[in-house]
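These notes are about the structure you will find just below.
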Amino acid sequence: MTKGVNSAPTKALLSSKKAPRQTSALSGADKLEKYPLEVSALNPNQNQNIDEASSANAHITVLLDEAVQALAIKPNGVYVDGTFGRGGHSRKILAQLGDGGRLIAFDRDLHAIASGKSVNDPRFSIVHSHFAAMQAKLAEMGIKKVDGILLDLGISSPQIDEAERGFSFRYDAPLDMRMDQSGGKTAAEFIANTTEQQLAEVIKNYGEERFAKSIARAIIAERNDGRAITTTGQLAQIVAGAVTRFEPGQNPATRTFQALRIFVNQELEELSLTLPQCLALLAPQGRLAVISFHSLEDRIVKQFIRDQENRDDLPANFPVRAADLPQPKLKSVGKTIKPSAKEVKANPRSRSAVLRVAERTLVV
Ligand SMILES: C[S@@+](CC[C@H](N)C(=O)[O-])C[C@H]1O[C@@H](n2cnc3c(N)ncnc32)[C@H](O)[C@@H]1O
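So for the sequence shown, the working numbering puts the first residue at 147; every next one is plus one.
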């Protein structure tokens, strides 16, 4: 299930700290010629080379051992995989569960659901839903508490590599970008109906693109000239003409594609709505493990965990101490975990992954 309406970028979800970028100055035509096939709506740090493209239905699971280990699986526990994908994490969780254990997996993508249906295991259920409906869906199944929740955010390799999904301009395909193709608006529909200002905001806030205004202007000018923007190739070409500088080795449309993908799928809103549900669902000592692929989502996870922790950062002269306040329900576990050099070499798409882990405290 997908929400049908896309809202404008939520400023509160975002902040604009940017790392300085190196840039390259090529003409629009040169840019497309030099980088025609390299990237998609992956985030810019996942800048993907054609050599990295995987076969159409394969997904190499990122931080497989680390994420499942972080859940500290209890053999008879109840676990949730909020992002089934092709089930790499789910299979490993099932392998660690005993006969009394249970795993409920979610995905909003119908291909992922079809893949999940092939898992023949009585301890396993797959639910077609966005994960922001997790608490309600679990309640329908009579589940109020769980022992661990995993979110492996973003898109899967099959979504990128299947041309018709419209995430990638390695192919010229319909400009779709919906993870859930059973509902909601496509990127092409959004572009057909948005204003230049809203489009610029989306590209700036979700793509952290410095040329957002020029790109939005070029897209809307094309549209207003009667040429609907309906394909990935068309969009990539317009963007390439509007971007004057970009990171070496990166397609000029990378940030715009990332922004539209995040917007179309309401990815940051989904995450912000889901983290409090995870807190409510976790039983004492239950674990939350979240793998993020760009700083916009990692910032939300980091802030959520930090807000739940008992950090006595009240001013020294403040009459109340943290110990006097309601006690925290979550504590972070260890430091952030990133893929090893070996994993990044084997799967370059993993390079921007960050795993954060937190545990539900005993406080009711
Ligand atoms: C990175 S892949 C997960 C890969 C998986 N861990 C594996 O090992 O195969 C992310 C998956 O999460 C799904 N997804 C992303 N956001 C979602 C959301 N808000 N609700 C449900 N599924 C979502 C995508 O459709 C995609 O299949």
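All C-beta atoms in this analysis are idealised placements derived from N, C-alpha and C, irrespective of residue type, glycine included.
I'd like to know whether the C-beta atoms of residue i and residue j end up nearer to each other than 8 angstroms.
i      : j      : result
Ile375 : Ile337 : yes
Phe313 : Ile301 : yes
Arg401 : Glu443 : no
Ile250 : Val214 : no
Val410 : Pro398 : no
Leu417 : Leu299 : yes
Ile272 : Leu243 : no
Asp326 : Arg232 : no
Gln454 : Pro474 : yes
Pro320 : Glu310 : yes
Glu212 : Ile451 : no
How long is the line joining the alpha carbons of residue i and residue j, rounded to whole angstroms?
i      : j      : result
Val224 : Ser441 : 30 angstroms
Ser360 : Gly379 : 18 angstroms
His274 : Asp227 : 12 angstroms
Ala487 : Pro472 : 42 angstroms
Thr390 : Gln383 : 13 angstroms
Asn351 : Pro394 : 22 angstroms
Leu460 : Asp470 : 12 angstroms
Val490 : Ser303 : 15 angstroms
Leu297 : Val208 : 12 angstroms
Gly432 : Ala282 : 19 angstroms
Gly387 : Ser261 : 39 angstroms
Val292 : Val510 : 15 angstroms
Arg445 : Met280 : 21 angstroms
Ser264 : Ala462 : 58 angstroms
Ala492 : Val466 : 51 angstroms
Ala241 : Ala258 : 20 angstroms
Ala468 : His205 : 44 angstroms
Ala358 : Ala367 : 14 angstroms
Leu434 : Thr332 : 31 angstroms
Arg369 : Leu419 : 34 angstroms
Helix, strand or coil for residue i per DSSP?
i      : result
Ser314 : strand
Ser498 : coil
Glu355 : coil
His205 : coil
Gln396 : coil
Ile365 : helix
Ala319 : coil
Asp253 : strand
Phe409 : helix
Lys475 : coil
Val447 : helix
Pro182 : For Pro182, the predicted model reports a pLDDT of 31, less than 50, meaning its position is unreliable; a value from the coordinates is still stated below. Reduced to three states, the DSSP call for Pro182 is coil.
Ser264 : coil
Pro166 : The pLDDT assigned to Pro166 is 33, lower than 50, so where the model puts this residue is not dependable; a value taken from the coordinates is nonetheless given after this. Pro166: coil per DSSP, three-state reduction.
Leu428 : strand
Ser438 : strand
Ala218 : coil
Gly174 : Reliability of the predicted coordinates at Gly174 is poor, the pLDDT of 39 falling under 50, and the value obtained from them is presented with this limitation in mind. Note: Gly174 maps to helix in three-state DSSP.
Phe336 : helix
Asp307 : helix
Phe230 : coil
If distances are taken between C-alpha atoms only, which option among the options comes closest to residue i?
i      : options                           : result
Ala216 : Thr229, Val509 and Ala504         : Ala504
Leu381 : Ile349, Ala218, Asp444 and Ala429 : Ile349
Asp245 : Pro485, Glu286 and Pro268         : Pro268
Ala346 : Ala364, Gly330 and Gln383         : Ala364
Arg324 : Gln404, Ala358, Phe357 and Ala399 : Gln404
Phe230 : Gln305, Gly288 and Pro221         : Gln305
Pro430 : Leu414, Val447 and Leu476         : Leu476
Ile295 : Glu308, His235 and Glu286         : His235
Gly372 : Asn339, Lys448, Ala358 and Gln344 : Asn339
Asp322 : Gly329, Lys448 and Ala334         : Ala334
Ala285 : Phe464, Asp211 and Cys424         : Cys424
Val479 : Glu368, Arg502 and Gln396         : Arg502
Arg495 : Ser438, Phe277, Arg369 and Glu212 : Ser438
Phe277 : Leu427, Ile451, Arg497 and Ile483 : Leu427
Ser498 : Tyr317, Arg506, Pro485 and Leu508 : Pro485
Gly247 : Glu342, Asn222 and Thr341         : Asn222
Asp318 : Thr507, Arg506, Val500 and Thr377 : Thr377
Val436 : Lys481, Leu406 and Ala362         : Lys481
Asn266 : Arg237, Leu434, Thr507 and Gly288 : Arg237
Thr341 : Gly329, Val447 and Ala362         : Ala362
Gly330 : Gln412, Gln396 and Asn370         : Gln412
Tell me residue i's beta-bridge partners as DSSP assigns them.
i      : result
Gly294 : Tyr225 and Arg433
Glu286 : Paired residue(s): none; Glu286 is not in a bridge.
Glu505 : Arg433 and Lys477
Val273 : Phe252
Thr377 : Pro320
Ile384 : Answer by DSSP bridge pairing: none, since Ile384 is not bridged.
Ile483 : Leu501
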